[in-house]
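Residue numbers (the working numbering): 12 to 304. First comes the structure, then the notes that go with it.
Encoded structure:
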């Protein structure tokens, strides 16, 4: 049962990475920007949910929606203030700005909430499921995380393929200038993309802290980096690729901790990124794009 339990834990952890990776892959796929502040938006979402339940006494489900609203507004502000002025700038300038925004959010969190760890209570209202006379336990957090990941991916696929704004996103992804000539508001489309990605970050932050209930100002940093690895692994820019990459990475991490070494698990995860970039730089479902000169 240990093997099956590791598979389940890996899928659960990978589902959190997948939800975070969906934010990365949407922003990169449409705006062609790597938003490394995304991991810190996760942290903000978790803190907002914590404050809503611990200080205001509101139900957990309300705290999730409140965190999504705050992170959505935060995502729009980050895009408008930090990234929009650099729309035509070099990739290096955008990367430096993203790193600066990440440190800015972390230090703001330190000023507001301090460095002391906060104990995050679960937002899941139901208990665990015991199978095979207690030999296999399915935690409520694991079941909710996997279900949320599947629902979010399906909704995003429908949104990008069937809705008007989703089609606008795909057009902007192909060619910003051509999309603008066709009457699409590129600025609004990119802002909506950041808003959706930040809302997903809030959900991921709540789910992550429900499973691992220690909240500090750097909560989202390492999961954010691993989720970026998952996005590259699955093929950055691909929504199904983000989910596949996240789940595979979660399984690799759990099996590394269980069968190799807990201290080496992170190194193994990032070694996967290096191998993927060497063997198949576009990722599992990524497409090679040929630029015409």
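All C-beta atoms in this analysis are idealised placements derived from N, C-alpha and C, irrespective of residue type, glycine included.
- DSSP assignment within the region 145-178 yields the following whole beta strand (DSSP E) runs of 3 residues or more, N-terminal first: 147-149.
- Annotated as proximal: residue 34 and residue 208, with beta-carbon spacing under 7 Å.
- By the Cβ criterion, the region 45-58 is in contact with the region 228-238, since at least three pairs of Cβ atoms, one from each stretch, lie closer than 8 Å.
- In the three-state DSSP reduction, residue 240 falls in the helix class (H, G or I).
- The beta carbon of residue 50 lies closer than 6 Å to those of 231, 232 and 235 in the same chain, with the five residues before and after it left out.
- With a minimum length of 4 residues, the unbroken runs of alpha helix (DSSP H) contained wholly in the region 96-145 fall at 102-124.
- The C-alpha of residue 149 is placed about 6 Å away from the C-alpha of residue 141.
- Residue pairing for residue 226: DSSP places it in a beta bridge opposite 129.
- When DSSP states are grouped into helix, strand and coil, residue 35 belongs to the helix group.
- Annotated as distal: residue 47 and residue 102, with beta-carbon spacing of 7 Å or more.
- The shortest CA-to-CA distance from residue 259 to any of 294, 248 and 229 is the one to 294.
- Residue 23 is a Cβ neighbour of residue 153, given a cutoff of 7 Å.
- Per DSSP, the unbroken alpha helix (DSSP H) holding residue 253 starts and ends at 250-270.
- Taking the Cα of residue 89 as reference, the smallest distance to any Cα among 69, 111, 73 and 74 is reached at 111.
- Taking C-beta atoms as the reference points, residue 78 and residue 59 count as a pair closer than 7 Å.
- Here the alpha carbon of residue 280 sits roughly 15 Å from the alpha carbon of residue 255.
- A residue is called buried when at least 16 other Cβ atoms come within 10 angstroms of its Cβ; residue 68 does not meet this threshold and is exposed.
- Residues of the same chain with a CB within less than 6 Å of the CB of residue 131, apart from the 5 flanking positions on each side, are 61, 220, 224 and 226 in chain order.
- By the neighbour-count criterion, in which 16 or more other beta carbons inside 10 Å mark a residue as buried, residue 125 falls on the exposed side.
- A straight line joining the alpha-carbon of residue 197 with that of residue 188 spans about 9 Å.
- It is roughly 21 Å from the alpha-carbon of residue 252 to the alpha-carbon of residue 201.
- Rounded to whole angstroms, the separation of the alpha carbons of residue 265 and residue 18 is 8 Å.
- Residue 64 and residue 32 have their C-alpha atoms spaced approximately 27 Å apart.
- Assignment of residue 47 by DSSP, reduced to helix, strand and coil, places it in the coil class.
- The DSSP-derived three-state label of residue 70 is coil.
- 135 is the residue among 135, 180 and 170 whose C-alpha sits nearest the C-alpha of residue 74.
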